[in-house]
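Remember, the working numbering sits 904 above the position in the sequence shown when you count from 1.
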Amino acid sequence: AEKIHAPLALASAIVIVSGLMGAMLAEPLLKFVRHDMAKGFALGLAAHGIGTARALQISPTAGAFAALGMSLNGILTALWLPMAVKWAFS
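Given below as structure tokens:
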């Protein structure tokens, strides 16, 4: 948040709300997804740590893929977002 000059409190609130919403809506949104790997990866990408905890309730495989998705999302966002903001506002 600091690198893109965004309020830290707002960034934190968005992460918390997206995690809670993702965990609460996981069951109805993913009811047609059959593979635990896909369910876990989607929860990790969209709902962060709370989604990963929810994925562990589905299965250990879903939990592992949620952790992978959350990690990749964090790394790629940290690398990509500052460049995208710099490009958008230059």
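A virtual CB, placed ideally from N, CA and C, is assigned to each residue, including glycine. Since the model is a prediction, treat every value here as computed from it, not as a measurement.
Residue i (DSSP reduced to helix, strand or coil)
{"i": "His909", "result": "coil"}
{"i": "Lys935", "result": "coil"}
{"i": "Ser963", "result": "coil"}
Residue i vs residue j beta-carbon contact at 8 Å
{"i": "Asp940", "j": "Ser975", "result": "no"}
{"i": "Val989", "j": "Ile908", "result": "yes"}
{"i": "Ala930", "j": "Gly955", "result": "yes"}
CB-CB length for residue i against residue j, believed under 8 Å
{"i": "Phe993", "j": "Ala970", "result": "Not really, about 33 Å apart at Cβ, beyond 8 Å."}
Straight-line Cα distance separating residue j from residue i
{"i": "Lys943", "j": "Ser922", "result": "16 Å"}
{"i": "Leu947", "j": "Lys935", "result": "13 Å"}
{"i": "Ala957", "j": "Met987", "result": "31 Å"}
{"i": "Met925", "j": "Leu985", "result": "23 Å"}
Local Cβ density within 10 Å of residue i, reported as buried at 16 or more and exposed below that
{"i": "Ala966", "result": "buried"}
{"i": "Gly978", "result": "exposed"}
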